[in-house]
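Reading through the structure tokens given below for one structure.
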Amino acid sequence: RRDPLLMQRFPDWPERFVAYIAERNEQRFAWGHGKQDCCSFANGGVIAMTGVDLMADIPAYASAEEADLILSTTSLEELMDARLPRRETPAFAQRGDVGLALIKDTPTLMLVEGLTIVGPGLKRLEHLPRIALSIAWAV
Numbered sequence: 116r117r118d119p120l121l122m123q124r125f126p127d128w129p130e131r132f133v134a135y136i137a138e139r140n141e142q143r144f145a146w147g148h149g150k151q152d153c154c155s156f157a158n159g160g161v162i163a164m165t166g167v168d169l170m171a172d173i174p175a176y177a178s179a180e181e182a183d184l185i186l187s188t189t190s191l192e193e194l195m196d197a198r199l200p201r202r203e204t205p206a207f208a209q210r211g212d213v214g215l216a217l218i219k220d221t222p223t224l225m226l227v228e229g230l231t232i233v234g235p236g237l238k239r240l241e242h243l244p245r246i247a248l249s250i251a252w253a254v
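Structural data, given as structure tokens:
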């Protein structure tokens, strides 16, 4: 797990967070580092707020099959537990935190906006009520 003392949000993180969401809003889903799948999207939000790349050690992938191969040895939950401290309950999630929601029975990383969570959809970002969170990690 990353040392939370080494990962601090920038003083202007709220503006960076809003700009990141706006920049990604109309992007279509795409697999790969820096693209628009759930891992890359959540990681991009963390980079925008902190400058820290949580996925730097993850092998490159460009398809669902390649992502599945990486996740065949670990789960998204384990991947995030190794990188960020878990909130005691999703109810304690704060704006900018990373969360996990089940979307169509698929574990999906999202970012907490406040009363909603946001993550990549097929054609653009999708917003869900934060009650959809099953796990949250502090950023």
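Numbering (my numbering), first residue to last: 116 to 254.
Ideal placement from N, C-alpha and C gives every residue a C-beta, glycine not left out.
Cut-off 8 Å between Cβ atoms - residues of its own chain near residue i, not counting five sequence neighbours on either side
i, result
"residue 232", "214, 216, 225, 226, 242, 243, 244, 245, 247, 248"
"residue 125", "131, 164, 165, 166"
"residue 151", "139, 142, 143, 144, 145, 235"
"residue 120", "Because residue 120 carries a pLDDT of 49, less than 50, the predicted location of this residue cannot be relied on, and no value is offered for it."
Proximity of residue i and residue j at Cβ, strictly below 8 Å
i, j, result
"residue 240", "residue 139", "yes"
"residue 173", "residue 162", "no"
"residue 160", "residue 176", "no"
"residue 252", "residue 200", "yes"
Bounding residues of the beta strand (DSSP E) (the contiguous stretch that carries residue i)
i, result
"residue 235", "231–235"
"residue 223", "221–227"
"residue 69", "Not covered by the structure: residue 69. The range shown for the chain is 116 to 254."
"residue 141", "Premise fails: residue 141 is in no beta strand (DSSP E) and is neither H nor E."
"residue 186", "Element bounds for residue 186: n/a, residue is neither H nor E."
"residue 244", "240–244"
Distance between beta carbons of residue j and residue i, contact taken as under 8 Å
i, j, result
"residue 202", "residue 169", "Rounded, the Cβ-Cβ distance is 16 Å, inconsistent with contact."
"residue 234", "residue 210", "Between residue 210 and residue 234 the Cβ distance is about 15 Å, and since that is not below 8 Å, they are no contact."
"residue 192", "residue 250", "6 Å"
Beta-ladder partner(s) of residue i, from DSSP
i, result
"residue 252", "201, 213"
Other residues of its chain near residue i: CB distance less than 7 Å, five sequence neighbours each side excluded
i, result
"residue 129", "none"
"residue 154", "170, 224"
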